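Below: the structure, in structure tokens.
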Amino acid sequence: SPLEQFEIIPLIPMKIGNLYFSFTNPSLFMLLTLSLVLLLVYFVTKKGGGNSVPNAWQSLVELIYDFVLNPVNEQIGGLSGNVKQKFSPRISVTFTFSLFCNPQGMIPYSFTVTSHFLITLGLSFSIFIGITIVGFQKNGLHFLMKSG
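Residue numbers (the working numbering): 1 to 148.
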């Protein structure tokens with residue numbers, strides 16, 4: 001069946017008391033994605049990385065970062081550079097994780113992590129809650145009110 005690719009299969013089931021934890025195929029593919037991203041970062045930062053003339057890996061990471069940084073600067077352009085420096089890496093990491101998760105579904109017999117609603121909801125909801133908390137810390141209740 002074509003829907004078998006969306007089935008969550010427990011690979012290592014663990015039951016501790018009344019709690020049930022398991023290492024599933026989404027967990028495996030998220031670890032694979034994390035490994036790929038860390039490998040990319042390793043190739044960029046290893047000896048010779050950060051030169052004035054970038055190698056191919058460094059150029060790729062700079063392209064991804066600039067692709068994310070330009071819309072961030074447009075959306076939060078009125079804020080100070082310090083705020084942009086705080087949010088840009090978080091948004092860039094989330095984008096890179098999604099960028100590496102999605103093509104995995106093109107590989108036969110693999111699993112696309114972002115095809116499950118709860119995983120994408122968890123990623124977006126955690127960012128939403130984080131930005132709301134920072135907004136309340138900086139502005140108090142004025143964060144939710146119109147200016148003027």
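Glycine included, C-beta positions come from ideal geometry on N, C-alpha and C. These numbers come from a predicted model, not from an experiment.
Counting along the chain, no alpha helix (DSSP H) covers Phe6, and no H or E run does either. Judged by DSSP secondary structure, Thr132 falls outside any beta strand (DSSP E) and instead within the alpha helix (DSSP H) spanning Phe117 to Asn139.
For Val113, the number of other beta carbons within 10 angstroms of its own is at least 16, and it is reported as buried.
Unbroken alpha helix (DSSP H) stretches of 4 residues or longer found wholly inside the region 53 to 105: 56 to 75 and 81 to 101, given in chain order. Per DSSP, the beta bridge partners of Ile16 are Leu19. The residue among Pro13, Ser27 and Leu28 with its C-alpha nearest the C-alpha of Phe21 is Pro13. Residue pairing by DSSP places Thr24 opposite Pro10 in a beta bridge.
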